[in-house]
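Which chain is which? The protein sequence lines are A and B, in order. Residue numbers for the first sequence follow the working numbering, so the first one is 103 and each next one is one higher. Residue numbers for the second sequence follow the working numbering, so the first one is 103 and each next one is one higher. Just so you know, even glycine gets a beta-carbon here, dropped at the ideal spot from N, CA and C.
Number of protein chains: 2
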Amino acid sequence: MLVNGEKQRTVAVMDRGFQYGDGVFETIEIHHSTPLFLAAHLARLVQGCQQLAMPQPDMGLIRREIAQLCLQVDNAVLKLIVTRGEGGRGYRQPEPLALTRVLSVHPLPSYPQAYYDTGIVARFCQTRLGLNPALAGIKHLNRLEQVMACAEWSDETVQEGLMLNLSQHVIEGTMTNLFYAKQNVLYTAPIVDCGVAGIMRAWIMTQSFPVVEQYFSAQTLREADEIFVCNAIIGIWGVRELAGRCYPIGHLTQKLQHALAGEKQKQVAYANI
Amino acid sequence: MLVNGEKQRTVAVMDRGFQYGDGVFETIEIHHSTPLFLAAHLARLVQGCQQLAMPQPDMGLIRREIAQLCLQVDNAVLKLIVTRGEGGRGYRQPEPLALTRVLSVHPLPSYPQAYYDTGIVARFCQTRLGLNPALAGIKHLNRLEQVMACAEWSDETVQEGLMLNLSQHVIEGTMTNLFYAKQNVLYTAPIVDCGVAGIMRAWIMTQSFPVVEQYFSAQTLREADEIFVCNAIIGIWGVRELAGRCYPIGHLTQKLQHALAGEKQKQVAYANI
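Dropping the structure here:
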């Protein structure tokens with residue numbers, strides 16, 4: 103773990119990340135020592151800093167630290183956090199300002215292979231995503247809604263909870279973005295007023311399948327041909343059961359899983375030229 | 103500064119306060135070594151823990167630590183933070199769970215006496231308070247909206263920014279609750295979908311003046327007879343200017359300031375019996 107370049111496992115109590123959740127983060131898969139989708143992750147980090155009116159961190163330095171940590175592991179998860187640093191008068195940021203940069207490496211979560219092969223069970227959460235256009239899209243450190251949604255169930259046979267916004271549109275999972283297919287067209291919710299604009303979601307939207315961004319209800323989702331969730335760590339998981347109804351792991355889900363496996367191989371090969 | 107009873111100034115990077123803003127806090131005035139409105143602050147902390155589905159911390163222990171810190175200072179600010187502790191699988195809380203408890207003492211902010219005597223200048227912020235019923239009322243650590251609202255101005259002649267909700271109702275200040283008076287009736291916004299249910303706001307509502315909780319627009323506020331903001335540290339400040347319009351520091355504001363001064367004296371005297 104590196105905190106501002108030093109090997110340590112703590113941050114100051116007065117860090118604004120701890121005091122206010124005043125920062126952004128990225129969760130990056132390291133595959134065969136290669137940080138996957140790195141450019142996209144770093145671009146979102148920069149975008150998040152802009153949206154929060156934070157100065158841009160030294161991206162060259164962050165890239166070098168990521169490279170240094172990746173050399174030491176094969177497959178792992180890299181978490182990168184950038185906060186507005188210490189101090190300030192209450193909520194007002196200090197002048198001058200010194201960002202805090204935390205890079206930490208963690209084991210890949212040990213999900214059963216079956217989640218990938220035959221899909222997961224999902225449920226609907228009661229906790230709603232609040233309406234917050236100013237914070238929508240970015241991965242900021244204010245994550246209480248997701249924490250509360252996850253606290254709704256303890257049944258280990260359910261792997262993901264789906265969250266609705268205040269207008270009862272289905273937006274995303276607690277840790278994933280959500281797509282469904284109907285008659286060979288993919289649908290996903292717009293990330294405008296709430297939610298995270300995921301790296302995997304963005305990659306899927308660049309593939310050669312028609313994707314429509316539009317709001318949809320839980321009822322529309324129930325009538326889907328196939329449903330899947332995605333994020334940068336799990337990749338793509340089909341949903342085989344949602345709210346008591348069963349779904350096939352359909353051909354669009356499988357094609358995207360296949361394409362993603364190829365993309366990951368390509369990125370590793372490219373990094374090792 | 104005490105972190106879980108130990109004198110230290112850091113917390114673990116993996117603390118959920120830092121990772122997710124997963125916790126609650128209180129900011130308490132210490133006046134002549136007495137923590138003011140302590141019972142109300144601790145009650146709100148407990149309420150916040152319940153709302154976030156966190157276990158209740160050991161309140162006896164917290165009271166003892168507060169008493170220990172208060173002995174060492176005369177007038178100061180005590181910040182008390184309770185987070186869901188370290189670990190967990192992603193957003194899901196760990197089992198078993200060990201809360202993190204941070205108590206820190208800070209100098210009272212050195213505001214000019216004129217803010218109290220002759221009032222402050224306020225402005226309207228562009229940043230809106232998002233709609234989030236599940237998190238409304240409590241003082242949780244997800245404070246990015248307030249950070250962003252404060253970043254809107256740097257003009258030091260403006261002391262507070264007023265925040266509207268997404269329906270354009272005026273709710274509160276970035277660090278204060280807001281009241282206005284019209285024809286000898288006080289008005290303040292309901293804290294239902296957003297905002298903080300302040301300790302000072304609650305105390306004011308127990309005083310012998312009629313207070314109506316209802317939504318109001320910026321235009322209604324402009325036509326107020328008097329306006330004031332309040333929190334547990336500043337007490338009550340009249341607003342002498344808002345968006346280019348001037349207001350008197352009226353008799354209701356002054357009566358409440360006077361009553362509050364008496365209440366503080368009473369609490370100090372009571373603590374020293």
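Applying the 10 Å Cβ sphere with the 16-neighbour rule, what's the burial state of residue i?
{"i": "residue 213 of chain A", "result": "exposed"}
{"i": "residue 353 of chain B", "result": "exposed"}
{"i": "residue 188 of chain A", "result": "buried"}
{"i": "residue 267 of chain B", "result": "buried"}
{"i": "residue 346 of chain A", "result": "exposed"}
{"i": "residue 244 of chain B", "result": "buried"}
{"i": "residue 328 of chain A", "result": "buried"}
{"i": "residue 155 of chain A", "result": "exposed"}
{"i": "residue 191 of chain A", "result": "exposed"}
{"i": "residue 84 of chain A", "result": "With chain A represented from 103 up to 375, any question about residue 84 of chain A goes unanswered, as that position is not in the structure."}
{"i": "residue 283 of chain B", "result": "buried"}
{"i": "residue 168 of chain A", "result": "buried"}
{"i": "residue 314 of chain A", "result": "exposed"}
{"i": "residue 166 of chain A", "result": "exposed"}
{"i": "residue 195 of chain A", "result": "buried"}
{"i": "residue 286 of chain B", "result": "exposed"}
{"i": "residue 436 of chain A", "result": "Nothing can be reported for residue 436 of chain A: it is not among the residues displayed for chain A, which extend from 103 to 375."}
{"i": "residue 253 of chain B", "result": "buried"}
{"i": "residue 323 of chain A", "result": "buried"}
{"i": "residue 163 of chain A", "result": "exposed"}
{"i": "residue 140 of chain B", "result": "buried"}
{"i": "residue 264 of chain A", "result": "buried"}
{"i": "residue 173 of chain B", "result": "exposed"}
By Cβ distance, which residues of its chain are closer than 8 Å to residue i, with the 5 residues on each side in sequence left out?
{"i": "residue 152 of chain B", "result": "158"}
{"i": "residue 319 of chain B", "result": "270, 271, 272"}
{"i": "residue 348 of chain B", "result": "342"}
{"i": "residue 175 of chain A", "result": "132, 135, 207"}
{"i": "residue 193 of chain A", "result": "122"}
Since I believe residue j is in contact with residue i (beta carbons under 8 Å), could you give me their beta-carbon distance rounded to a whole number of angstroms?
{"i": "residue 241 of chain A", "j": "residue 325 of chain A", "result": "With a Cβ gap of about 31 Å, residue 241 of chain A and residue 325 of chain A do not count as contacting."}
{"i": "residue 161 of chain B", "j": "residue 144 of chain B", "result": "6 Å"}
{"i": "residue 236 of chain B", "j": "residue 293 of chain B", "result": "13 Å between Cβ atoms; not a contact."}
{"i": "residue 262 of chain A", "j": "residue 224 of chain A", "result": "5 Å"}
{"i": "residue 115 of chain A", "j": "residue 103 of chain B", "result": "6 Å"}
{"i": "residue 120 of chain B", "j": "residue 120 of chain A", "result": "5 Å"}
Does the Cβ of residue i lie closer than 6 Å to at least one heavy atom of the ligand ZN?
{"i": "residue 308 of chain B", "result": "For the ligand ZN, the structure offers nothing, since it holds no ligand at all."}
Spatial neighbours of residue i within its chain, please: CB distance less than 7 Å, with the 5 preceding and 5 following residues excluded, ordered by chain position.
{"i": "residue 377 of chain A", "result": "Residue 377 of chain A lies beyond the residue range present for chain A, which begins at 103 and ends at 375; the question has no answer from this structure."}
{"i": "residue 220 of chain B", "result": "342, 351"}
{"i": "residue 370 of chain B", "result": "133, 134, 136"}
{"i": "residue 373 of chain B", "result": "136"}
{"i": "residue 180 of chain A", "result": "130, 132, 137, 168, 171, 205, 207"}
{"i": "residue 311 of chain A", "result": "288, 354"}
{"i": "residue 366 of chain B", "result": "133, 138"}
{"i": "residue 296 of chain B", "result": "231, 232, 233, 234, 238, 267, 273"}
{"i": "residue 339 of chain B", "result": "217, 218, 221, 222, 330, 331"}
{"i": "residue 309 of chain A", "result": "358, 361"}
Grab me the residues of residue i's own chain with a C-beta within less than 6 Å of its C-beta, minus the 5 sequence neighbours each way, in chain order.
{"i": "residue 281 of chain B", "result": "288, 290, 330"}
{"i": "residue 118 of chain A", "result": "124, 185, 186"}
{"i": "residue 106 of chain A", "result": "203"}
{"i": "residue 142 of chain B", "result": "301"}
{"i": "residue 344 of chain B", "result": "224"}
{"i": "residue 337 of chain B", "result": "362"}
Please check if any C-beta of chain D sits within less than 7 Å of the C-beta of residue i.
{"i": "residue 124 of chain A", "result": "Considering every chain present, this structure includes no chain D. Its protein chains are A and B."}
| field | Touching by the beta-carbon criterion (3+ pairs, under 8 Å), the segment 192 to 203 of chain A and the segment 109 to 119 of chain B | value | By the C-beta criterion, the segment 192 to 203 of chain A is judged not to be in contact with the segment 109 to 119 of chain B, since fewer than 3 inter-stretch pairs fall below 8 Å.
| 4 or more residues per run - each alpha helix (DSSP H) lying fully within the segment 130 to 210 of chain B | If we require 4 residues or more, the alpha helix (DSSP H) runs fully inside the segment 130 to 210 of chain B come out as 140 to 153, 161 to 172.
| Given 8 Å, three or more beta-carbon pairs between the segment 252 to 260 of chain A and the segment 247 to 260 of chain B | Output reads no: the segment 247 to 260 of chain B does not touch the segment 252 to 260 of chain A.
| Given 8 Å, three or more beta-carbon pairs between the segment 143 to 151 of chain A and the segment 355 to 364 of chain A | At 8 Å Cβ cutoff, the stretches do not touch.
| query | Is the segment 130 to 139 of chain A touching the segment 229 to 243 of chain A, taking contact as three or more C-beta pairs under 8 Å? | reply | The segment 130 to 139 of chain A, when compared against the segment 229 to 243 of chain A, does not touch it at the 8 Å Cβ threshold.
| field | Complete beta strand (DSSP E) runs within the segment 329 to 359 of chain B (minimum length 3 residues, chain order) | value | Under the rule that a run must span 3 or more residues, the beta strand (DSSP E) segments found entirely inside the segment 329 to 359 of chain B read 337 to 344.
| query | Which parts of the segment 207 to 268 of chain A are runs of the beta strand (DSSP E), unbroken and 3 residues or longer, counting only runs that do not cross its ends? | reply | With a minimum length of 3 residues, the unbroken runs of beta strand (DSSP E) contained wholly in the segment 207 to 268 of chain A fall at 222 to 226, 262 to 266.
| Do the segment 328 to 344 of chain B and the segment 292 to 305 of chain B meet, that is, are 3 or more Cβ pairs less than 8 Å apart? | Yes, they touch.
| request: Just list the beta strand (DSSP E) runs in the segment 267 to 318 of chain A, keeping only unbroken ones of 3 residues or longer that don't cross its boundaries, in chain order. | output: The segment 267 to 318 of chain A contains, as complete beta strand (DSSP E) runs of 3+ residues, the segments 272 to 275, 279 to 284, 287 to 290, 313 to 315 (chain order).
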